[in-house]
Amino acid sequence: MDFMRQANKYGVRSLLLQGLTFLSVLTSAFMIWKGLSLFTNSESPVVVVLSGSMEPAYHRGDILFLHNGYSPIEVGEVVVYKLNDKPIPIVHRVMKVHTENETGKQYLLTKGDNNMADDRGLYNPGQLWIQRDEIIGRVKGFVPYAGMGTIWMNDYPQLKMGLLGALCVLSLFSND
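Numbering (the working numbering), first residue to last: 4 to 179.
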């Protein structure tokens, strides 16, 4: 019943305008994301470091900017890769590269800078190398600790729900 009183008070047109404005913001953000994906040739052009495995180069909460060019990957580059059965991408450095002479296909061995062993324990069972098509992108830049909000919202789902609820309430009752 409160919603109906609120709708009468502000008018249906005003509520529709707020809804359309909200949809415009969402579609604009989606278009920017897709544009970045096309420009960088990466399904995920921006990622947040979730663990300390790449310290001291990258810390938990750093935002990484990726590009997935067509040039061969070299030893020492930091890449983000995603394995088929694992939902979360991994940010690690390339330690070894094996290239097939006939096809030019690359096989990579990675390792976190702060880890004692290479990533073969993280790969799928029986997999000794990751392939080029499992690479999401190469790290081209970063912003230190700018992604901590994302980590907090994943670690504390109540915070995420509270922020979403507050945004919804603010958008419904703003006079603009």
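Here a beta-carbon is modelled for each residue, glycine too, at the ideal position from N, C-alpha and C.
Buried versus exposed call for residue i [16 or more other C-beta atoms within 10 Å across all chains shown]
| i | result |
| --- | --- |
| E46 | exposed |
| N71 | buried |
| T43 | buried |
| P160 | exposed |
| Q109 | buried |
| L111 | buried |
| K37 | exposed |
| V28 | exposed |
| K89 | exposed |
| D158 | exposed |
| V69 | Checking the displayed sequence, the identity of residue 69 turns out to be Leu instead of Val. Answer is buried; the Cβ neighbour count reaches 16. |
| M133 | The question names Met, but residue 133 in the sequence shown is Ile. Burial call: buried. |
| T24 | exposed |
| V15 | exposed |
Of the listed residues the options, nearest to residue i (C-alpha basis)
| i | options | result |
| --- | --- | --- |
| P75 | G140, R63, F176, L29 | G140 |
| I66 | F25, Y148, Y84 | Y148 |
| T106 | L131, R135, M119 | R135 |
| I91 | G22, V146, I138 | I138 |
| M151 | L53, V82, R96, F145 | L53 |
| G79 | V142, M156, V146 | V142 |
| D116 | P128, R96, T102 | R96 |
| F145 | R63, F33, L26 | R63 |
Extent of the continuous alpha helix (DSSP H) run through residue i
| i | result |
| --- | --- |
| M151 | 151-158 |
| V28 | 15-43 |
Residue span of the beta strand (DSSP E) that contains residue i, given as start and end
| i | result |
| --- | --- |
| I91 | Neither: I91 is in no beta strand (DSSP E) and is coded neither H nor E. |
| R141 | 138-146 |
8 Å contact criterion, which residue i and residue j should meet: CB distance rounded
| i | j | result |
| --- | --- | --- |
| Y61 | V94 | 7 Å |
| S56 | P48 | Their Cβ separation, rounded to whole angstroms, is 21 Å, which puts S56 and P48 out of contact at 8 Å. |
| Y180 | L170 | Outside the modelled stretch of the chain, which goes from 4 to 179, sits residue 180, for which no answer is possible. |
| T102 | V82 | Not confirmed; about 15 Å, so no contact. |
- Continuous beta strand (DSSP E) assignments of at least 3 residues falling wholly in the region 42-116: 49-51, 66-70, 81-84, 93-102, 109-114
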